Ligand SMILES: [Zn+2]
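Right, dumping it as structure tokens:
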């Protein structure tokens, strides 16, 4: 069997780290890229490399070019007193796409998972707790995905916020074990409308 050059093997291996890309697909991609001009390869390479400089919004944790993201810069959202807590940036974007949420977001960066060593400290829940008070948040929408860990995290979050805060969780239309990022905007809109007191 023919031995392929190391550079091809390395490129295939690098691409298989992407979600949904298996070895076969990665190989096809690399084969196609062997026909690219040098300048094209360099521009794709440097676009990926510049991801290392990606900044996160200091308030919500969303990707941002500046200190604050475009959502946190909106005066109306800052004064709305509503905070939507999501697991990751993809979930935030899915809710934002539905266009029905007009408050602030907070990206948790995961859910509590004792088996994987993810506890309240890893999710910086003390900071979140402080934010709820300093931002005068009156309503919290828990938009965590329905799973054992998601449910446990919601219960924990409820216990750390002031009693005066109205806490709701989206649920309707979100399949068990499903992920917000794969839902269509209409389903997310329905899920937001049908949130229940948690
Ligand atoms: Zn932000």
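In the numbering used here, the protein residues as written are 2 to 199.
Just so you know, even glycine gets a beta-carbon here, dropped at the ideal spot from N, CA and C.
Since we're looking at a predicted model, the values are computed, not measured.
Open item on the list: When you measure from the CB of residue 85 to every non-hydrogen atom of ligand 1, does any distance come out below 7 Å?
Closed with: Outside the cutoff, so no.
TODO: Output the boundary residues of the beta strand (DSSP E) element that contains residue 59.
DONE: Premise fails: residue 59 is in no beta strand (DSSP E) and is neither H nor E.
Task: Cβ-based burial, residue 66 [other Cβ within 10 Å; buried from 16] - done: exposed
- [ ] Could you tell me if the beta carbon of residue 141 falls within a distance shorter than 7 Å of some heavy atom in ligand 1?
- [x] no
- [ ] State the Cα-Cα distance for the pair residue 79 and residue 172, rounded to the nearest angstrom.
- [x] 25 Å
Task: residue 138: CB within 7 Å of a non-hydrogen atom of ligand 1 - done: no
Open item on the list: Distance check for residue 145 and residue 151, CA to CA, integer angstroms please.
Closed with: 6 Å
Open item on the list: Given 7 Å as the limit, tell me if residue 34 has its C-beta closer than that to any heavy atom belonging to ligand 1.
Closed with: no
Task: Beta-carbon proximity check, residue 159 vs residue 199, cutoff 8 Å - done: yes
TODO: Could you check which residue in 58, 136, 96 and 157 has the C-alpha nearest to that of residue 183?
DONE: Per the Cα distances, 96.
Task: residue 155 Cβ short of 7 Å to ligand 1 heavy atom set - done: no
Task: beta-carbon residue 63 near ligand 1 non-hydrogen atom, thresh 7 Å - done: yes
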